[in-house]
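When the letters of the sequence shown are read in order and numbered with mature numbering (1 follows the signal peptide of the UniProt record, and there is no 0), they come out as residues -23 to -1, 1 to 78.
For each residue, glycine too, the CB sits at the ideal point set by N, CA and C.
Treat the numbers as computed from the prediction; the structure is a model and nothing was measured.
Below is one structure, written out as structure tokens, with a few remarks after it.
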Amino acid sequence: MPFIARGALLLSLLVNVIPATVANPLKHVNPMTDCLNGHILPQMGSNEAPEAIVNHAFLLCKPFIDSWLASYPDARRQQLGQALRQFYLDRLYAALNSPVR
């Protein structure tokens, strides 16, 4: 009987604890941010205007953004959309103004 209890405990550890210790917290899967990052980050440091880069990415990623914002009221949706847009603009302007190494 103790063998069964120990076996159950070991199985529980293998199933629950080990995957949590191996998981990469930096690998975040979110379709909206994956889409935006995929279209915006490769453009960092390019000669294209940051507004054009962000506008194009937001147009291409619109279904993901709309899905993410759908649960919020209209006022909050506009606020979050603007904040997200400003976040990417700030990153692009920072990359544009950073010294080349």
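Put simply, of ASP67, TYR70, LEU73 and ILE42 the residue whose alpha carbon is nearest the alpha carbon of GLY58 is ILE42. If the five residues before and after LEU13 are omitted, its C-beta is found closer than 6 angstroms to the C-beta atoms of ALA34 and CYS38, all from its own chain and listed in chain order.
Rounded to whole angstroms, the gap between the alpha carbons of PRO40 and PRO8 is 10 angstroms. ALA34 carries a helical assignment under DSSP once its states are collapsed to helix, strand and coil. Taking 8 angstroms as the cut-off, the beta carbon of VAL31 is found closer than this to the beta carbon of ILE17.
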